[in-house]
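K.L.:
Per the working numbering, the very first residue in the sequence shown carries number 41; after that it's consecutive.
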Amino acid sequence: MLKRLPVGIQNLREIRTNDYVYVDKTKEALELILNYKYAFLARPRRFGKSLFLDTLRNIFEGNKEL
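1) Counting only runs that start and end within the stretch 71-104, where is the alpha helix (DSSP H) found for 4 or more residues in a row?
2) Return the residue from the list 92, 61, 101 that minimises the CA-CA distance to residue 67.
3) Spell out the partners DSSP gives residue 60 in its beta bridges.
4) From 87, 53, 88, 79, pick the residue whose C-alpha is nearest to that of residue 104; which is it?
5) Would you check if the distance between the CB atom of residue 96 and the CB atom of residue 56 is smaller than 8 Å?
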């Protein structure tokens with residue numbers, strides 16, 4: 041069975057617990073955290089900026105189960 045696409049969902053917990061398709065970007069998040077003091081996320085609309093920020097929030101909160 042195919043997984044559903046998380047269209048319009050910006051919450052990492054909801055995506056992970058409801059088995060939506062998710063591309064793990066924690067490697068990129070770690071690179072951003074370790075190598076940059078400031079970052080500007082310039083991406084088009086609907087390109088995952090809010091989801092990436094929610095991923096960063098979960099990393100800093102220590103939510104390892106996600």
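Glycine included, each C-beta is placed from N, C-alpha and C at the ideal position.
In this text the structure is predicted, and so the values were computed from the model without any measurement.
P.N.:
Reading off the structure:
1) DSSP runs (the alpha helix (DSSP H)) wholly in the stretch 71-104: 89-101.
2) Looking up residue 67 in the sequence shown gives position 27. The residue with the shortest Cα to Cα distance from residue 67 is 92.
3) Your numbering for residue 60 matches position 20 in the sequence shown. DSSP, once it has assigned bridges, lists 44 as partnering residue 60.
4) Within the sequence shown, the letter at position 64 stands for residue 104. Of the listed residues, the one whose Cα sits closest to residue 104 is 53.
5) One-based indexing of the sequence shown puts residue 96 at position 56. One-based indexing of the sequence shown puts residue 56 at position 16. No, these two residues do not count as a Cβ contact at 8 Å.
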